[in-house]
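J.:
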Amino acid sequence: MAFELPVERWTSAVNTVTIGATAAQGGTRSSVVTVGGDSSLPFLSFEGKTPNRPVIAMEVLDTPPKEWPGPMEEAVGDVSGDPAAWAKKCVEEFGAEMICLRLVGAHPDQGNRSAQECAQTVKSVLGAVGVPLIIWGCGQADKDNEIIPRCSEVAAGENCLLGTATQDNYRTITAACMADGHKLITEAPMDINIQKQVNILVSEMGMDLARVVMYQVTGGLGYGMEYAYSIMERTRLAALSGDRMLSMPMLALIGSECWKVKEARTPQEAAPEWGPEAERGVAWEATTATCFLNAGTHIAVMWHPRAVAAVRDTIDALMPKEA
Amino acid sequence: MYAIGERINGMFKDVGAAIRDRNPEPIQRLAKAQIAAGAQALDVNVGPASADPLGAMEWLVKTIREVTDAPLAIDTTKPDVMRRGLELAGPGSIINSTKGDQAQLDIFIPMAIEHDASLIALTIDENGIPRDASGRGEIALRVVAAAMEKGLPTDRLMIDAVILPVNVTQATPGHVLEAIRNVKLLCEPPPKTVLGLSNVSQGTTQRRLLNRTYLVMALAAGLDAAILDVEDREMMDAMIAAEVLMNRAVYADDFLKAYRS
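Note that the protein sequences, when read in sequence, are chains A and B. So the first sequence is numbered by the working numbering: it starts at 9 and just counts up by one. So the second sequence is numbered by the working numbering: it starts at 442 and just counts up by one.
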């Protein structure tokens, strides 16, 4: 008997979101990215369309980390003190399609950089690269409410992706996004109910949900990855079933989650049975990213160039081929 | 749940008068209000007293189409009126309704196929309304078999197990719930189920309470769609809450707003 493929019929699709603006669109980007539009579970070409490739954004920190794992030091140690040079290297040498600039140095415990300094960093990165920019606050609500409006303002017209709006702190960043023509990341702590609620809240402020990307909080392989996976999968199912409040593309922070775990960081001499550290972190990051792509991630934010290259190949292989 | 607004029916005085006077304003207002209240489709019935049901249906559908593209459930027993309504309403309409006897199925199933419409089939046949759930199930099975034979996809069938007023026959609400559960087992993909909900409370003094309580019970039994008073906000709230409790919609603190946004 011939095998008959069981096919789900979905009624809806994920929203399509474009980030970045060229000169013709009022910005200065040399390229833009468009994500979403999927009308099936990830990459299931027999059930629906995957009109846009997932994209890889490479992460740049405004303040270099105090302790880089060896392989990261080797890859970007030469530029990690200069966000503009770091971003440029990610784009020109490693092929990053977007830069995710994280303003961790603004955190009161991590350097407490001022709004003015943060805005200057945003400007310098925008000047150094032509790809679209994700601008991500420090995660401390009051400080983010100070820095994000300034960063948003200096990037006005560039159609950046600003993060993050949370259930308890969404008004300032949403207003900045709306005022300066950016896209918004809504964040929830691995909780689909809160994710939906924060989307409702920003929508109530007048934010067009077609301008929103969701970040559900991600965990690295072995550190909550499967929990995040199931939430993202359920979110995608809700989107395909027509839940407008969960129909936005999704983003995952992969590099930062993977490179903090002991399996990635521990030097070989401390754990000889784990094998060479040059491979471990890269494999950890690439594997985690591959899992999240299959869960429905549209924007994978990554660290290591070799993991990026591997995942780019994986995306090539996963993307449905044109008939 | 697929909500079909019941209000554009000539049995209501305001609608009957608007049809008689060919006054579009009340009809268009009702169409827009029902959509705003959550209706995904609108029932259209010229009422039993119309002297010219064909002309009335033509006018009603055209009048509604001036303000909304929502699917219309053309509500008539007359095949010529149905056909004209479907022609004017366009693809994706709903035939409301056929009975389960062969003569009617032979007319309305081909009509549903021809007009790319869904078909509401009442579990009534030449012997009338069955007394219990199994009688309803037998007619539903006959309808499903006829649809399969003629080539109407079974998920375009909507089986209406026919609810009667609780003050007339108090056992019927239970029978109908059982029938809704059973209909889902008839075939793959299963037919949809629908109810003309307000009938359950006809002639009672607590209409809204009975309507919303029974709606939630029927949803728990697997009901897919209802023709109902979508402007009854408490009932719609109960329906939305039931969808969340049945895991058909993802919970959020503002789940009512999410549904209505």
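By construction, the Cβ of each residue, glycine as well, lies at the ideal position given by its N, Cα and C atoms.
1. Applying a beta-carbon distance threshold of less than 9 Å, which residues of chain B neighbour serine 211 of chain A?
2. Determine whether the Cβ of alanine 693 of chain B lies closer than 7 Å to any Cβ atom of chain A.
3. Under the three-state reduction of DSSP, which class applies to alanine 331 of chain A: helix, strand or coil?
4. Could you please tell me which residues of the stretch 250-265 of chain A, in chain order, have their CB closer than 9 Å to any CB of chain B?
5. Give the DSSP-derived three-state secondary structure of lysine 151 of chain A in the structure shown.
6. Helix, strand or coil for glycine 44 of chain A per DSSP?
7. Would you call the stretch 676-689 of chain B and the stretch 181-197 of chain A in contact, with 3 or more CB pairs under 8 Å?
8. Report the rounded CA-to-CA distance for valine 657 of chain B versus alanine 444 of chain B, giving the unit in angstroms.
9. Who pairs with arginine 110 of chain A in a beta bridge, going by DSSP?
10. If you draw a straight line from the C-alpha of glutamate 555 of chain B to the C-alpha of glycine 526 of chain B, how long is it?
11. Using a cut-off of 8 Å between C-beta atoms, extract the partners of alanine 666 of chain B located in chain A.
12. If we define contact as Cβ-Cβ less than 7 Å, is alanine 246 of chain A a contact residue for chain B?
13. Under 7 Å, Cβ to Cβ, is there at least one residue of chain B near lysine 204 of chain A?
14. For chain B, is any of its Cβ atoms less than 7 Å away from the one on asparagine 153 of chain A?
15. Less than 6 Å between C-beta atoms, sequence neighbours within five positions excluded: which residues of the same chain meet that for alanine 384 of chain B?
16. Using 8 Å for Cβ pairs, my map puts valine 319 of chain A next to alanine 303 of chain A. What's the rounded Cβ distance?
17. Under 7 Å between C-beta atoms, does isoleucine 323 of chain A make it to chain E?
18. To which residues of the same chain is glutamine 175 of chain A closer than 8 Å at the C-beta, ignoring the five residues directly before and after it?
19. Decide if phenylalanine 549 of chain B is buried, meaning its Cβ has at least 16 other Cβ atoms within 10 Å, or exposed.
20. Under three-state DSSP, which class holds threonine 296 of chain A?
21. Starting from the C-beta of glutamine 469 of chain B, find all residues in its chain whose C-beta is less than 8 Å away, skip the five residues before and the five after it, and write them out in chain order.
22. What number of angstroms, rounded off, separates the C-alpha of glycine 171 of chain A from the C-alpha of proline 632 of chain B?
23. Would you mind working out which of B/Lys540, B/Ala511, B/Cys628, B/Ser538 sits nearest proline 532 of chain B, comparing C-alpha positions?
24. Let me check one thing: in DSSP terms, what residues is asparagine 537 of chain B bridge-paired to?
25. Is valine 68 of chain A near tryptophan 94 of chain A, with beta carbons less than 7 Å apart?
26. Among the candidates A/Gly56, A/Arg37, A/Thr36, whose CA atom is the shortest distance from the CA of glycine 45 of chain A?
27. For a contact meaning CB atoms closer than 7 Å, what does alanine 690 of chain B contact in chain A?
28. What do you reckon, are the CB atoms on valine 671 of chain B and glycine 496 of chain B nearer than 7 Å?
29. According to DSSP, which residues form a beta bridge with glutamate 81 of chain A?
30. Using the Cβ count rule (16 or more neighbours within 10 Å means buried), how would you classify arginine 17 of chain A?
31. If you draw a straight line from the C-alpha of glycine 28 of chain A to the C-alpha of valine 41 of chain A, how long is it?
32. Which same chain residues end up closer than 6 Å to alanine 92 of chain A when comparing Cβ atoms and leaving out the 5 residues on each side of it in sequence?
33. Taking just the CA atoms, how far does threonine 613 of chain B sit from isoleucine 604 of chain B?
34. Between lysine 191 of chain A and valine 221 of chain A, which are expected to be in contact by the criterion C-beta below 8 Å, what is the C-beta distance as a whole number of angstroms?
35. What are the partner residues of aspartate 601 of chain B, as DSSP defines its beta bridges?
T.: In terms of the structure at hand:
1. Mapped onto the first sequence, residue 211 of chain A falls at position 203. Those are Lys698, Ala699, Ser702, listed as they occur along chain B.
2. Reading the second sequence from its first residue, position 252 is the one you call residue 693 of chain B. Output row for alanine 693 of chain B: interface = yes.
3. Along the first sequence, read from residue 1 onward, the residue named residue 331 of chain A stands at position 323. Here the model assigns alanine 331 of chain A a pLDDT of 46, short of 50, so the residue's position is not dependable, and the following value carries that caveat. Three-state result, alanine 331 of chain A: coil.
4. Asp251, Arg252, Met253, Leu254
5. As a position in the first sequence, residue 151 of chain A is number 143, starting the count at 1. Lysine 151 of chain A falls in the helix class under three-state DSSP.
6. Start at 1 with the first residue of the first sequence, and residue 44 of chain A comes out as number 36. Three-state DSSP puts glycine 44 of chain A in a strand.
7. no
8. Here residue 657 of chain B refers to the residue found at position 216 when the second sequence is read from its first residue. Here residue 444 of chain B refers to the residue found at position 3 when the second sequence is read from its first residue. Approximately 13 Å between the Cα atoms of the pair.
9. Start at 1 with the first residue of the first sequence, and residue 110 of chain A comes out as number 102. In DSSP, arginine 110 of chain A forms a bridge with A/Leu69, A/Trp144.
10. Here residue 555 of chain B refers to the residue found at position 114 when the second sequence is read from its first residue. Here residue 526 of chain B refers to the residue found at position 85 when the second sequence is read from its first residue. Going by the C-alpha atoms only, they are around 13 Å apart.
11. In the second sequence, counting from the first residue as 1, residue 666 of chain B sits at position 225. Chain A residues near alanine 666 of chain B: none, gap ~14 Å exceeds 8 Å.
12. Position 238 of the first sequence, counting from 1, holds the residue named residue 246 of chain A. True, the Cβ-Cβ gap to chain B drops below 7 Å.
13. Here the question's residue 204 of chain A lines up with position 196 in the first sequence. So yes, lysine 204 of chain A belongs to the interface.
14. What you label residue 153 of chain A is simply residue 145 of the first sequence in a count that begins at 1. Judged by the 7 Å Cβ criterion, asparagine 153 of chain A is not in contact with chain B.
15. Here chain B comprises residues numbered 442 to 702, so residue 384 of chain B is not present and cannot be evaluated.
16. To locate residue 319 of chain A, count along the first sequence from 1; it is residue 311. To locate residue 303 of chain A, count along the first sequence from 1; it is residue 295. The Cβ separation is near 14 Å, so there is no contact.
17. Absent here is chain E; the protein component of the structure consists of chains A and B.
18. Indexing the first sequence from 1 puts residue 175 of chain A at position 167. Contacts found: Ala196, Ile202, Gln205, Val206, Leu209.
19. The residue given as residue 549 of chain B occupies position 108 in the second sequence. It is buried - the Cβ of phenylalanine 549 of chain B has at least 16 other Cβ atoms within 10 Å.
20. Position 288 of the first sequence holds residue 296 of chain A. Of the three classes helix, strand and coil, the one that applies to threonine 296 of chain A here is helix, per DSSP.
21. Counting from 1 along the second sequence, the entry for residue 469 of chain B is found at position 28. Taken in chain order, the residues that qualify are Thr504, Ile505, Glu507, Val508.
22. Here residue 171 of chain A refers to the residue found at position 163 of the first sequence. Here residue 632 of chain B refers to the residue found at position 191 of the second sequence. If you take the alpha carbons of glycine 171 of chain A and proline 632 of chain B, they lie about 45 Å apart.
23. Looking up residue 532 of chain B in the second sequence gives position 91. Residue B/Ala511 is the option with its Cα nearest to proline 532 of chain B.
24. Locating residue 537 of chain B in the second sequence gives position 96, counting from the first residue. DSSP output for asparagine 537 of chain B lists B/Asp516, B/Ile561 as bridge partner(s).
25. Mapped onto the first sequence, residue 68 of chain A falls at position 60. Mapped onto the first sequence, residue 94 of chain A falls at position 86. Against a cut-off of 7 Å, the Cβ pair of tryptophan 94 of chain A and valine 68 of chain A comes out as a contact.
26. Counting from 1 along the first sequence, the entry for residue 45 of chain A is found at position 37. Considering only alpha carbons, the answer is A/Gly56.
27. Locating residue 690 of chain B in the second sequence gives position 249, where the first residue counts as 1. Near alanine 690 of chain B (Cβ distances below 7 Å), the residues of chain A are Asp251.
28. Reading the second sequence from its first residue, position 230 is the one you call residue 671 of chain B. Reading the second sequence from its first residue, position 55 is the one you call residue 496 of chain B. No, these two residues do not count as a Cβ contact at 7 Å.
29. Reading the first sequence from its first residue, position 73 is the one you call residue 81 of chain A. In DSSP, glutamate 81 of chain A forms no bridge with anything.
30. The residue labelled residue 17 of chain A in the question sits at position 9 within the first sequence. Exposed, by the Cβ-count rule.
31. Your numbering for residue 28 of chain A matches position 20 in the first sequence. Your numbering for residue 41 of chain A matches position 33 in the first sequence. So the two alpha carbons sit approximately 7 Å from each other.
32. Your numbering for residue 92 of chain A matches position 84 in the first sequence. Once the five neighbours on either side are set aside, the close Cβ partners of alanine 92 of chain A are Ser132, Val133, Ala136.
33. The residue given as residue 604 of chain B occupies position 163 in the second sequence. The residue given as residue 613 of chain B occupies position 172 in the second sequence. For isoleucine 604 of chain B and threonine 613 of chain B, the distance between alpha carbons rounds to 7 Å.
34. The sequence position of residue 191 of chain A within the first sequence is 183, counting from 1. The sequence position of residue 221 of chain A within the first sequence is 213, counting from 1. Contact flag correct, Cβ pair sits at about 6 Å.
35. The residue given as residue 601 of chain B occupies position 160 in the second sequence. Paired residue(s): B/Leu563, B/Val635.
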